[in-house]
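Reviewing the structure listed below.
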Amino acid sequence: MILVVGNTKGGVGKTTLAVNLAIARALDGRDVLLVDGDEQATAIGFTELRTEQLGRPGYTAVSLHGAAIRTQTRQLAPKYADVVIDVGGRDTGSLRAALTVADTVLIPVQPRSFDLWAIDNIAALVREAREINDRLRAVVVLNAADAQGADNDAAAEALGEADGLEYLPTPIGRRKAFPNAAAGGRSVLELTPRDPKAAQELAAMVKAVFV
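Per UniProt numbering, the sequence shown starts with residue 1, numbered consecutively.
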């Protein structure tokens, strides 16, 4: 399966989800390719840290940009069970190329007004991509959701009405476990002591995305 984690809005936690999803699949015994399509190269930097800390990342990581994401992902995908592509938070050639080869795009959105207002932009890109890639599944999920309050419910209702997007009822809370794990080159599934809520939320998302 080829999964893109992307949004035209920056700062929504795309790379954090991408590396955690890649590791989760690798821990399940899958051969995973992580493609860093962001010019900031955060996923590659994380992988280098993970290799320093653990000796090996457990997955393969490459950096690709622009049209190379489309051409080289097509060539590499048959060698792997899963491909996870992390792209930057803008309308870029890398994001557009990734959408043309993906089976699914996961769109993380924080329950904040600016994030919700930007959802129409990525929805428009999904519609354009489907003219080339009619199998593209587009799912949107709340990331860094509030522990309590009405904002999550209001955001979920708004996202459920987004044209052409499927809302996943598997929110990821705003939990320190994610940055704490990343600082050590790890997923929340590998954190000691484990944060059970973070691990459960990630596991639920993996199950919902990789169907």
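Heads up, the beta-carbon is just placed ideally off N, CA and C, and yes, glycines get one too. Every value quoted in this text rests on a predicted model; they were computed, and no experiment measured them.
Segments of 4+ residues assigned as alpha helix (DSSP H) that fall wholly inside the stretch 119-204: 119-130, 151-160, 177-183
From A182, L3, V188, residue whose alpha carbon lies closest to that of F46: Here the question's residue 46 lines up with position 46 in the sequence shown. For F46, the nearest C-alpha among the options comes from A182.
CB-CB length for I85 against L3, believed under 8 Å: To locate residue 85, count along the sequence shown from 1; it is residue 85. To locate residue 3, count along the sequence shown from 1; it is residue 3. Confirmed, about 7 Å.
Inter-residue Cα distance where the pair is G89 and N121: Translated into positions along the sequence shown, residue 89 becomes position 89. Translated into positions along the sequence shown, residue 121 becomes position 121. Going from the Cα of G89 to the Cα of N121 covers about 11 Å.
Own chain, CB closer than 7 Å to A162, minus 5 neighbours either side, in chain order: As a first step, residue 162 is located in the sequence shown; it is residue number 162 there, counting from the start. Around A162: I119, A123, V140.
Sub-8 Å separation of G185 and L54 beta-carbons: Your numbering for residue 185 matches position 185 in the sequence shown. Your numbering for residue 54 matches position 54 in the sequence shown. Yes.
Residue from A43, M205, K14, A24 with nearest C-alpha to E190: Position 190 of the sequence shown, counted from the start, is the residue given in the question as residue 190. Here the closest residue by C-alpha is A24.
Secondary structure, alpha helix (DSSP H): runs of 4+ residues fully inside the stretch 52-121: Fully enclosed alpha helix (DSSP H) runs of no fewer than 4 residues occupy 67-76, 93-101, 113-117 of the stretch 52-121, in order along the chain.
Rounded separation between D134 and A41 - CA only: By 1-based counting over the sequence shown, the position of residue 134 is 134. By 1-based counting over the sequence shown, the position of residue 41 is 41. If I take the Cα positions, the gap works out to 29 Å.
contact_flag[the stretch 89-99, the stretch 59-76] where n(CB pairs < 8 Å) is 3 or more: yes
Bridge-paired residues (DSSP) for V32: Numbered from its first residue, the sequence shown carries residue 32 at position 32. According to DSSP, V32 bridges with D82.
K14, buried or exposed, once every other Cβ within 10 Å from all chains shown has been counted against 16: Here residue 14 refers to the residue found at position 14 of the sequence shown. Buried, because 16 or more other Cβ atoms sit within 10 Å of the Cβ of K14.
Classification of G37 by the beta-carbon crowding that lies within 10 angstroms, buried from 16 upward: Here the question's residue 37 lines up with position 37 in the sequence shown. So G37 counts as buried.
Where V209 falls: helix, strand or coil (DSSP): In the sequence shown, the residue the question calls residue 209 occupies position 209. In this structure, V209 counts as helix in the three-state DSSP scheme.
Which listed residue (R194, V209, D195) has its alpha carbon closest to that of P169: In the sequence shown, the residue the question calls residue 169 occupies position 169. Shortest Cα-Cα distance from P169 to any of R194, V209, D195 involves V209.
Closest by C-alpha distance to K79, when choosing among D31, A198, G164: The residue you call residue 79 lines up with position 79 of the sequence shown. If we check each option's Cα against that of K79, D31 comes out closest.
Bridge-paired residues (DSSP) for I2: Indexing the sequence shown from 1 puts residue 2 at position 2. In DSSP, I2 forms a bridge with V83.
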